[in-house]
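Trainee: In the working numbering, the protein residues as written are 71 to 229.
Can you keep this structure in mind? I'll have questions shortly.
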C-alpha cells in the first residue's frame, strides 16, 4: 500500500510541473565563404579537345593494353566455349565507352539503355553497339590468363 501511495505522490508532482516553451530562434549567418572557380588553362584546353566519350577512353587505354585485353578476352571465350567474333579492338573501345556513359546515366538494368522507351532511351548507346554484342563482350571480357595463375593470390591485380 505504501508503494502505491509513493507512486501516486510522484505522479502528482510530475503533473504539477509547469512546462513553458520559449521561442529562442537564432538567426545564424553562413560561415562558409563563397567558392570562386579559378580559370585553369590546361583544363579549358582539355575541355576543348574532348570531342566524344571514346576520346576519354583512349586517354587511359593505350593500344598495347587494348590488344592485351582483346587477346585475353578471346582466349577466355575459347576456354568457356563462347563465340569471340565480336571481341575486336574497336568494339572493346566502344564497350568501355558505353560503360563510362552508364556510370553517369544510371539505369536499373543494363538492357534499358537499348530500350526504345523515351524516358530511358540513349541514342549514342543504341546506335554505337547492338545490345547482344555488348552482352557477348561482357561475358567474354577478361584481363588475365587463367592458366598462368601462380601461388600469388593477387596475380590478376598485379599484371
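By construction, the Cβ of each residue, glycine as well, lies at the ideal position given by its N, Cα and C atoms.
#1: Taking only runs that begin and end inside the region 195-222, name each unbroken alpha helix (DSSP H) of 4 or more residues, in chain order.
#2: How many angstroms separate the CA atom of residue 159 from the CA atom of residue 111?
#3: Might you give, ordered along the chain, the residues of its own chain that have their beta carbon closer than 6 Å to the beta carbon of residue 177, omitting 5 neighbours on each side?
#4: Beta-carbon separation of residue 163 and residue 127 under 7 Å?
#5: Rounded to whole angstroms, what is the Cα-Cα separation between residue 131 and residue 104?
#6: When the Cα of residue 201 is compared with those of 182, 123, 173, which residue comes out closest?
#7: Apart from the five residues just before and just after residue 216, which ones in its own chain have a Cβ nearer than 8 Å to its Cβ?
#8: Check residue 184 in the structure and name its three-state DSSP category.
#9: Near residue 207, which residues of its chain fall below 8 Å by C-beta distance, leaving aside the five closest residues on each side in sequence?
#10: Are the CB atoms of residue 171 and residue 123 nearer to each other than 7 Å?
#11: For residue 139 versus residue 213, is the C-beta spacing smaller than 7 Å?
#12: Kindly indicate the opening and closing residues of the alpha helix (DSSP H) around residue 123.
#13: Relative to the C-alpha of residue 209, which residue among 185, 94, 173, 153 is closest?
#14: Leaving out the 5 sequence neighbours to the left and right, which residues in its chain are closer than 6 Å to residue 192 when beta-carbon positions are compared?
Mentor: Taking the geometry as given:
#1: Counting only runs of 4 or more, we get 201-210.
#2: The sequence position of residue 159 within the chain shown is 89, counting from 1. The sequence position of residue 111 within the chain shown is 41, counting from 1. The straight-line gap from Cα to Cα measures roughly 33 Å.
#3: Taking the chain shown and counting its residues from 1, one reaches residue 177 at position 107. So the list reads 190, once near-sequence residues are dropped.
#4: As a working mapping, residue 163 is identified with position 93 in the chain shown. As a working mapping, residue 127 is identified with position 57 in the chain shown. Yes, they are a contact pair.
#5: The residue given as residue 131 occupies position 61 in the chain shown. The residue given as residue 104 occupies position 34 in the chain shown. Between residue 131 and residue 104, the alpha-carbon positions lie close to 38 Å from each other.
#6: Within the chain shown, the letter at position 131 stands for residue 201. If we check each option's Cα against that of residue 201, 182 comes out closest.
#7: For the purposes of this step, residue 216 is identified with residue 146 of the chain shown, where counting begins at 1. Exclusion of the five residues before and after residue 216 leaves 146, 149 as the residues of its chain whose Cβ lies within less than 8 Å of its Cβ.
#8: Here residue 184 corresponds to residue number 114 of the chain shown, with the count starting at 1. Helix at residue 184.
#9: Here residue 207 refers to the residue found at position 137 of the chain shown. Excluding positions up to five away in sequence, the list reads 143, 156, 157, 161, 162, 165.
#10: For the purposes of this step, residue 171 is taken as residue 101 along the chain shown, with counting starting at 1. For the purposes of this step, residue 123 is taken as residue 53 along the chain shown, with counting starting at 1. In this structure, residue 123 lies closer than 7 Å to residue 171 by Cβ.
#11: Sequence index remark: in the chain shown, residue 139 carries index 69 (1-based). Sequence index remark: in the chain shown, residue 213 carries index 143 (1-based). A Cβ-Cβ contact shorter than 7 Å links residue 139 with residue 213.
#12: What you label residue 123 is simply residue 53 of the chain shown in a count that begins at 1. Per DSSP, the continuous alpha helix (DSSP H) segment holding residue 123 begins and ends at 123-130.
#13: Position 139 of the chain shown holds residue 209. With distances taken between Cα atoms, residue 209 lies closest to 153.
#14: The residue you call residue 192 lines up with position 122 of the chain shown. Closer than 6 Å at Cβ, skipping near neighbours: 183.
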